Amino acid sequence: MLENKIRIGIIGANANYGWSMRAHLPALLALPEYELTAVCTSNAETAAESAKAYGARLPFHDYQEMVVHPDIDLVSVSVRVPLHHDMVMAALQAGKHVFCEWPLGANLDEAQEMASLARSQGVTNMVGLQARGAPAILHLKELISQGYVGEVLACNMTMFLPGVLQRGLSMPWMADREKGGNTLTIGTGHAIDALCFCVGEFKEISAKVATQVTEWETSEAGKTVPVNSADNVLINGTLVGGAVASAHVATIPWHGTGWRMEVYGRDGTLTASSQEMIQYGNITIRGAHGGETKFVEVPIPDGLTHIPSEVPTGAPFNVAQIYRTLGQAIKDGAKTMPDFDFAVDRHKLLVAMEQSSVAGGKSVAL
Numbered sequence: 005m006l007e008n009k010i011r012i013g014i015i016g017a018n019a020n021y022g023w024s025m026r027a028h029l030p031a032l033l034a035l036p037e038y039e040l041t042a043v044c045t046s047n048a049e050t051a052a053e054s055a056k057a058y059g060a061r062l063p064f065h066d067y068q069e070m071v072v073h074p075d076i077d078l079v080s081v082s083v084r085v086p087l088h089h090d091m092v093m094a095a096l097q098a099g100k101h102v103f104c105e106w107p108l109g110a111n112l113d114e115a116q117e118m119a120s121l122a123r124s125q126g127v128t129n130m131v132g133l134q135a136r137g138a139p140a141i142l143h144l145k146e147l148i149s150q151g152y153v154g155e156v157l158a159c160n161m162t163m164f165l166p167g168v169l170q171r172g173l174s175m176p177w178m179a180d181r182e183k184g185g186n187t188l189t190i191g192t193g194h195a196i197d198a199l200c201f202c203v204g205e206f207k208e209i210s211a212k213v214a215t216q217v218t219e220w221e222t223s224e225a226g227k228t229v230p231v232n233s234a235d236n237v238l239i240n241g242t243l244v245g246g247a248v249a250s251a252h253v254a255t256i257p258w259h260g261t262g263w264r265m266e267v268y269g270r271d272g273t274l275t276a277s278s279q280e281m282i283q284y285g286n287i288t289i290r291g292a293h294g295g296e297t298k299f300v301e302v303p304i305p306d307g308l309t310h311i312p313s314e315v316p317t318g319a320p321f322n323v324a325q326i327y328r329t330l331g332q333a334i335k336d337g338a339k340t341m342p343d344f345d346f347a348v349d350r351h352k353l354l355v356a357m358e359q360s361s362v363a364g365g366k367s368v369a370l
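Take 5 as the starting number for the sequence shown in our numbering and just add one per residue.
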């Protein structure tokens, strides 16, 4: 059990761009149980810049040096998906606690290898499925479990996000399915986890995994890249509790409508929506049950926010929520969720979607 602050080192802590800059760093700097001890980027200059910007005392440009440093308790991996495996394995081999962004690996085999080592090392680990840390999602789950809609009969979810036609210079790797970072693994993974968190796991599933845009423009004038990774995922199936569920997650050219989930029960209906990706927050819940004739907004209890008011809204908020959960587990020497073993189960669900799609939409039992 740790009595003092948790000393964290972040791999991918560039001060100028990236998910760490947008979410992890602002979240951690506002959480008093953490000390940002080390930052690691791909070169010495940007590492020094990041250390200065965020007050970390140890800059690294070689993650293998960072993960073995004795002053680090927890390693956070927030880089491109294809790099997750080697970095996580190195941190686990060094005996560190590990946080890794979702998806855990570029494929199921990588995820299973990381989960196995984490288990054998006995360290606390977490994967970044941060939508389940959103107060609105926590409350949606509460409402359903408390019987607001009664027996759940059906659930529908959509998430449409813009930007599929053009990608910046740092993004073309996502065009390659084998790299493991695309609308199926990232967008669908986050969204379907929130659905299952609220209404239960799938018992069987069928899917269509499609690539509608087969060529991306890049930031270089006139240059394009071929695409074989998914940009549309359509799902339907039966949940363990007997309800039917459907979902459509897509990256489209322009003007996405954001995320929406609808839960229909024997006694009522709940909807939850956001104009952004689900894991960013800013979710509104509306509901109607019993003899009510109109949907009304359902307030989110303050008690579901577990972080200081200093944490910025937007991307850092839900990340801070799950870092707080992780920090408590590390201090207690306890297991936490969602851990790497759980991430393997989510990877298996994505594999089932692909298997169903290849088989022409045939249902796959889980």
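Ideal Cβ placement from N, Cα and C applies to all residues, glycine included.
Small disclaimer: the values here were computed from a predicted structure and weren't measured.
Could you check whether L169 and P257 sit closer than 7 Å to each other, using their CB atoms as the reference points?
yes
Does the segment 145-158 come into contact with the segment 363-370, if we say contact requires no fewer than three beta-carbon pairs (one atom in each stretch) closer than 8 Å?
Segment contact: the segment 145-158 against the segment 363-370, fewer than three CB-CB distances shorter than 8 Å; contact not assigned.
Any chance you could list the alpha helix (DSSP H) runs of at least 4 consecutive residues sitting entirely within the segment 295-370, in chain order?
319-336 and 344-362
Once you ignore the five residues that flank V300 on each side, which residues in its own chain have a CB closer than 8 Å to its CB?
R290, G291 and A292
Given a threshold of 16 other Cβ atoms within 10 Å of its Cβ, counted over all protein chains shown, does G246 qualify as buried or as exposed?
G246 is exposed by the Cβ-count criterion.
Is it true that the segment 41-60 meets the segment 93-107, where meeting means three or more beta-carbon pairs spaced less than 8 Å apart?
In this structure the segment 41-60 does not touch the segment 93-107; the number of beta carbon pairs closer than 8 Å is below three.
Go ahead and pull the three-state DSSP assignment for R270.
coil
By Cβ distance below 7 Å, which residues in the same chain neighbour A31 in space, the five residues on each side in sequence not counted?
V315, P320, V323, A324 and Y327
From N8 to Q216, what distance separates their C-alpha atoms?
51 Å
Using C-beta distances below 6 Å, list every residue in its chain close to T255, excluding the 5 sequence neighbours before and after it, in chain order.
L165, V168, T187 and D235
In the DSSP assignment, find the alpha helix (DSSP H) that holds S250 and state where it starts and stops.
First-last for S250: V248 to I256, but that is the beta strand (DSSP E), not the alpha helix (DSSP H).
Leaving out the 5 sequence neighbours to the left and right, which residues in its chain are closer than 6 Å to Q134 when beta-carbon positions are compared?
Q283, N322, V323 and I326
Could you check whether the segment 349-358 touches the segment 200-217, counting it as contact only if at least three pairs of C-beta atoms, one from each stretch, sit closer than 8 Å?
yes
Would DSSP call L108 helix, strand or coil?
coil
Out of curiosity, what's the CA-to-CA distance linking I12 and T309?
23 Å
For M5, is the classification buried or exposed, using 16 other Cβ atoms within 10 angstroms of its Cβ as the cut-off for buried?
Per-residue confidence for M5 stands at a pLDDT of 43, beneath the threshold of 50, marking its modelled position as unreliable; the derived number appears in the next sentence. With a threshold of 16 other beta carbon atoms within 10 Å, M5 falls short and is exposed.
Using a Cβ-Cβ cut-off of 7 Å (strictly less than) and excluding sequence neighbours within five positions of T340, which residues of its own chain qualify?
T128, M130, T329, L330 and A333
Measuring straight from C-alpha to C-alpha, what distance separates A276 and H252?
15 Å
Measure the beta-carbon distance from H88 to L112 and round it to whole angstroms, keeping in mind my assumption that it falls under 8 Å.
Not a contact, Cβ separation roughly 13 Å.
Identify whether M130 lies in helix, strand or coil by the three-state DSSP scheme.
strand
Quick one: which unbroken beta strand (DSSP E) runs of 3-plus residues sit fully inside the segment 61-115? Chain order, please.
62-64, 78-81 and 101-105
Answer yes if the segment 175-189 comes into contact with the segment 140-149, meaning at least three C-beta pairs across the two stretches below 8 Å, and no otherwise.
no
So E105 packs on W177, CB below 8 Å; how close in whole Å?
With a Cβ gap of about 15 Å, E105 and W177 do not count as contacting.
With DSSP as the reference, identify every bridge partner of C200, one or two as the case may be.
The partner list for C200 (beta bridge, DSSP) is empty, contrary to what the question assumes.
Given N47, which residues of its chain have a CB within under 7 Å of its CB, disregarding the five upstream and five downstream residues?
H65, listed in sequence order.
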